[in-house]
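Since the structure comes first, as C-alpha cells, the remarks are kept for the end.
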Amino acid sequence: MTRKIWSRLSHGHDRERKAARAWAAKHAQDMDAWGNGVDPVLWREGKEFAESLADLARPRMEALAAAGVHLGGAGGMELLYLLTRVVRPALALETGVAAGWSTAAMLAAMRVNGAGRLMSSDFPFFRLANPERFIGYVVPNDLKSRWTLRIKGDRRNLEDFLSPDTMVDLVHYDSDKTRHGREFFIRRVRSHLTGRHVLVMDDIQDNLVFREYAERQPLFRVFAYEGKYIGVTGSGLRAVERR
27 MTRKIWSRLS HGHDRERKAA RAWAAKHAQD MDAWGNGVDP VLWREGKEFA ESLADLARPR
87 MEALAAAGVH LGGAGGMELL YLLTRVVRPA LALETGVAAG WSTAAMLAAM RVNGAGRLMS
147 SDFPFFRLAN PERFIGYVVP NDLKSRWTLR IKGDRRNLED FLSPDTMVDL VHYDSDKTRH
207 GREFFIRRVR SHLTGRHVLV MDDIQDNLVF REYAERQPLF RVFAYEGKYI GVTGSGLRAV
267 ERR
C-alpha cells in the first residue's frame, strides 16, 4: 500500500500515465469486432453469460451499494470468457478478484469446456469490516469446484501457487496497478507460462509496463473498455486469432 501511495504522488508517474494512455489509444481496437472475428458463437455465448450474471447479481449488489459497500464493476467478462473457451487452459491464474465478475466468467467457460482449474490471488479491502466475505461475492456456488482462492496478497499467494513445475496457460492480471507491482508479477510468473499462453492485463493506461512487455511478444492487442484499456498478449494469441 505504501508503494501504491508513493507511486500516485510521483510527478514521473503522471508523465508516464499520459504516455501510456496515448500509446493505448493509438493501438486500441473494438473489442466486439475482434471477439466476433475470433468466434462469433463463443463471443455471443460470453456476452449472454455476462448479461445473465449481471441480472442475477443485481439485487445483491444494489443492497450492498445502499449499505455503502462498493466492490467495483464487471470489466471485460466476455473477453475472458472467450479466451478461456478458446485457449482451454488446464490451469489459469488471475490476480485481483474483488467481487468476482472475471472469476465467474473464467469458471463458467471452464465448466462448458469440461476442463481446467483457476487459481486466484487477492487481498481483502482494508477499508471494509470483515472484508474477506466480499471476495468473489458474485461467483455462483456451483462454479467454485474448479477454483482455488488465496487472499494473502500477490507476493505470498504466488509463492503458494507457483511451484517449480506449475505451468499456466491463461493469465489475468488485475491487482497492483503500479509499475513495481506489474514488473514484479511479470518476473515472477514468466517462467511458469506455457508456449501457448495468453496474458490479459487490465488498466494498462496507468503506466508503460504492458507496452514494454507486449512489444517483445509475437502479437498484442489493446481494447478500449469503459474509458480504460485492456491489453492482451502472449505466445498463444496468434493461435486464438487463427481458429
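Residue numbering for the sequence shown follows our numbering, starting at 27 and increasing by one per position. In this text, a Cβ means the ideal position worked out from N, Cα and C, and glycines have one as well.
Check, Outcome
"Considering H206, what are the terminal residues of the alpha helix (DSSP H) in which it resides?", "205 to 215"
"Give every residue of the same chain whose Cβ lies closer than 6 Å to the Cβ of L225, excluding the five residues on either side of it in the sequence, and list them in chain order.", "V197, T259, G260"
"According to DSSP, which residues form a beta bridge with G162?", "Answer is none; G162 lacks a bridge partner."
"At what residues does the beta strand (DSSP E) containing V95 begin and finish?", "Unbroken run through V95: none, as it is neither H nor E."
"Tell me whether D229 counts as near the ligand NAD, meaning its Cβ is closer than 7 Å to at least one heavy atom of that ligand.", "Judged by which ligands are present, the structure shown has none, so any question about the ligand NAD falls away."
"Taking DSSP's pairing of strands, which residues face F249 in a bridge?", "Q55, I256"
"Rank G102, N167, R114 by C-alpha distance to the C-alpha of M57 and give the top, closest one.", "G102"
"What does the Cβ neighbour count give for M145, buried or exposed, with the cut at 16 atoms within 10 Å?", "buried"
"Quick check on the burial criterion: 16 or more other C-beta atoms within 10 angstroms. Buried or exposed for A50?", "buried"
"Alpha carbon to alpha carbon, how far is A91 from F246?", "36 Å"
"Whose CA, out of R159, G140, N139, K52, lies closest to the CA of D148?", "R159"
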